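Below is one structure, written out as structure tokens; comments come after it.
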Amino acid sequence: MTRVLVVDDEPQLLRALRINLTARGYQVLTAVDGATALRAAGDGKPDVVVLDLGLPDMDGGEVIAGLRGWTTVPIIVLSARTDSTDKVQALDAGADDYVTKPFGMDELLARLRAAVRRASTSSADDQPVMRTDSFSIDLSAKKVLRDGVEVHLTPTEWGVLEVLVRNSGRLIGQKQLLKDVWGPQYANETHYLRVYMAQLRRKLEPDPSHPRYLITEPGMGYRFEG
16 MTRVLVVDDE PQLLRALRIN LTARGYQVLT AVDGATALRA AGDGKPDVVV
66 LDLGLPDMDG GEVIAGLRGW TTVPIIVLSA RTDSTDKVQA LDAGADDYVT
116 KPFGMDELLA RLRAAVRRAS TSSADDQPVM RTDSFSIDLS AKKVLRDGVE
166 VHLTPTEWGV LEVLVRNSGR LIGQKQLLKD VWGPQYANET HYLRVYMAQL
216 RRKLEPDPSH PRYLITEPGM GYRFEG
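Sequence positions in the sequence shown follow the working numbering and run 16 to 241.
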């Protein structure tokens, strides 16, 4: 049975989600604020988290950061905020999907199924550690070690690196990489990739000006060579 943690401070919505999800075979945990949510996630080990950004004790982004400190559980953000900046910030913090209030139950259920399916496929396909002569990448722990020292990567830098590493040796087109990391609406923002690839090379490549691992195929995309 899939276990869902629903975090929202609106009692009516929380009750409606609990009833609807339970009726569809989910085991439902609930929390009305960020602190309770973080405790519930640690104790209940949910398979997916549905999280409202507007909580009484802390911003939802802080909850995402708290969860991402120790778990890769899929996080679907619920919010009445429609500004794209809020969406980008939530996704950059580590959320996996974003649903704008008001929403239909069918839409949320579809997003839930997709998030759980992606997580299941990802863990089944994991090669937990990718080692190179210069650094190692632990996909399950979301860590990079260089000379035995952890390299600090931002969530977005990790997102770019993870997509490339999981497709090691394969060319990933610019648009596909942008969609996978930033979302479909960013498919043409190729300057994002130049900036983030430059940052990753500075942190990981022995000689960033002559990359050995993070390869650019001009006009086409990028490839990770392990």
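Backbone N, C-alpha and C fix where the C-beta goes; we use that ideal spot for every residue, glycine too.
Since the model is a prediction, treat every value here as computed from it, not as a measurement.
M145: member of the beta strand (DSSP E) spanning V144 to R146, first to last residue. When C-alpha distances from P89 are compared across A202, R132 and L44, the shortest belongs to R132.
Distance from the CA atom of A110 to the CA atom of P233, rounded to whole angstroms, is 31 angstroms. As DSSP reads the structure, Q42 sits in a beta bridge with R18.
The residues V63, P89, I91, D111 and D112, in chain order, have a CB closer than 7 angstroms to that of A130 in the same chain once the five nearest residues on each side in sequence are set aside. A125 counts as exposed, since fewer than 16 other C-beta atoms from the protein chains shown sit within 10 angstroms of its C-beta.
By the CB criterion at 8 angstroms, L44 and R18 fall inside the cutoff. Shown here, V131 sits in a helix according to DSSP, grouped into three states. The three-state secondary structure of T87, taken from DSSP, is coil. Across the structure, M73 and R54 are spaced so that their CA atoms are roughly 14 angstroms apart. If you draw a 10 Å sphere on the C-beta of E172, you find 16 or more other C-beta atoms in it, and that means buried. Beta-bridge analysis with DSSP links L160 to S151 and E165. Put simply, the region 193 to 212 does not touch the region 146 to 166. Fewer than three CB pairs are less than 8 angstroms apart. Q27 sits exposed, since fewer than 16 C-beta atoms from the chains shown fall within 10 Å of its C-beta. In the structure shown, E232 adopts extended strand secondary structure according to DSSP, grouped into three states. In summary, R30 is exposed, with fewer than 16 beta-carbon neighbours lying within 10 Å of its beta-carbon over all protein chains present.
If you check the CB distance, M212 and S183 do not come in under 8 angstroms.
Note on V65: 16 or more other CB atoms within 10 angstroms of its CB, so buried under the neighbour-count rule.
DSSP lists L229 as the beta-bridge partner residues of F239.
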